[in-house]
Structures are given as structure tokens and as C-alpha cells.
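Asks:
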């Protein structure tokens, strides 16, 4: 079965919004290689409407600048969870608007490489709640952004989940990629007893 892997940039103070304002100086050779290997180990992207809109506005124009990374982004299958997006223009994009949990579960069952999700938001929470997220990769940046309303932070009031550490990579620039897997149900239920 394919895995769904979430890859999210986060600051030390939990900010996930506007990573273009605080991550670029940390995107060194190590980070580039990890991002490249991560993308090429997957053959599909899963996203919400906001991520889709940002990506669809940028990536189709970046192939010359980013080479085969950009080509891969533009040619791989993309699945957008949205009830408002009707006619996606970015090629190879399908919209999931009904029976979302069932559709994503079936997507995981199809043959192919893993499925990558960038950013953390309502779709990620839905995946976690229904046991569909297999890995959470937090790119922890050594910076305190100092801003962020609740929608711009990793944590949201009223939502919690337990994870187990799977792997840690530390780059020379101080970025840590902490990979987690959802905690086994029995362990999580035992903690609350």
C-alpha cells in the first residue's frame, strides 16, 4: 500500500505560514537533496485548495529555473480536496469533493509510489483523524518568526494526536527534519485510560 507523507516547514515558535519569508536562507545543498529525493520517491501530490492555488500559480512557470524538480511537480498526478474548486487548470489535477475519506483511502490502495502532501492544514487533520497519514515530516527551522494567528500555526485548539519518532536528520545549517508516524492505536488509547 502507498504511504501518504506530509512534509511541512515549521519555525521554532510553530509558525507554518508564509515559509517563503523565513526558510530560503536555510535551503542549502542538503535540504535540496532531501527535497529532491522526497519528491522523486512519490508519484502524486495531495493538497487542499489553498495549497493548490499557491502551487498552481507558481510551478507551471518554474521548470526552466528548477529543472527536473519543476518538471516532476508539473507532470505528476495531483489530487485536491475541495468543494469549491471546479475546473483546475494545473495539468494532471483531479478534485476530490465527495466521500473524501473513502476516495483518499482508495487512492492509497492504487498501485504506484507514495503520495506527498506539502503543508499542514485541514486536509492533514482529516488524514490524521481517519488514520490515513503515514508519516509527518517536520522541517524544523532554527528561527523564531514572532508572528502568527491560530490559522498560521502548526497547532490548533481542539485538535490533538500522538506520534512516534521514526527518523531524524540534522543539516549543518541547523534545520532538523523530524519524521514521525502516528502512534499505534492501542498505545494511544492506553495512555488515556
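In my numbering, the protein residues as written are 3 to 195.
All C-beta atoms in this analysis are idealised placements derived from N, C-alpha and C, irrespective of residue type, glycine included.
Using the C-alpha atoms, what's the distance from residue 131 back to residue 1?
Replies: Only positions 3 to 195 of the chain appear in the structure, and residue 1 is not among them; the question remains open.
Asks: At 3 residues or longer, what runs of the beta strand (DSSP E) sit wholly inside the region 16-56?
Replies: 44-50
Asks: Opposite residue 82 in the DSSP bridges: which residues?
Replies: Locating residue 82 in the chain shown gives position 80, where the first residue counts as 1. Its beta-bridge partners are 49 and 97.
Asks: Verify whether the separation of the beta carbon atoms of residue 147 and residue 15 is less than 7 angstroms.
Replies: Working through the chain shown from its first residue, we reach residue 147 at position 145. Working through the chain shown from its first residue, we reach residue 15 at position 13. Yes, the Cβ-Cβ distance between residue 147 and residue 15 is below 7 angstroms.
Asks: Between which two residues does the alpha helix (DSSP H) carrying residue 146 extend?
Replies: Stepping through the chain shown from its first residue, residue 146 is reached at position 144. That residue, residue 146, is in no alpha helix (DSSP H); it is neither H nor E in DSSP.
Asks: Pull the bridge partners of residue 73 from the DSSP assignment, please.
Replies: Along the chain shown, read from residue 1 onward, the residue named residue 73 stands at position 71. According to DSSP, which records beta bridges pairwise, residue 73 is partnered with nothing at all.
Asks: Alpha carbon to alpha carbon, what distance is there between residue 153 and residue 99?
Replies: Within the chain shown, numbered from 1, the residue matching residue 99 stands at position 97. Within the chain shown, numbered from 1, the residue matching residue 153 stands at position 151. Near 22 angstroms, if we compare the C-alpha coordinates of residue 153 and residue 99.
Asks: Would you kindly work out how many angstroms separate the C-alpha atoms of residue 61 and residue 162, rounded to a whole number?
Replies: Residue mapping note: residue 61 aligns to position 59 of the chain shown, counting from 1. Residue mapping note: residue 162 aligns to position 160 of the chain shown, counting from 1. So the alpha carbons of these two residues sit roughly 33 angstroms apart.
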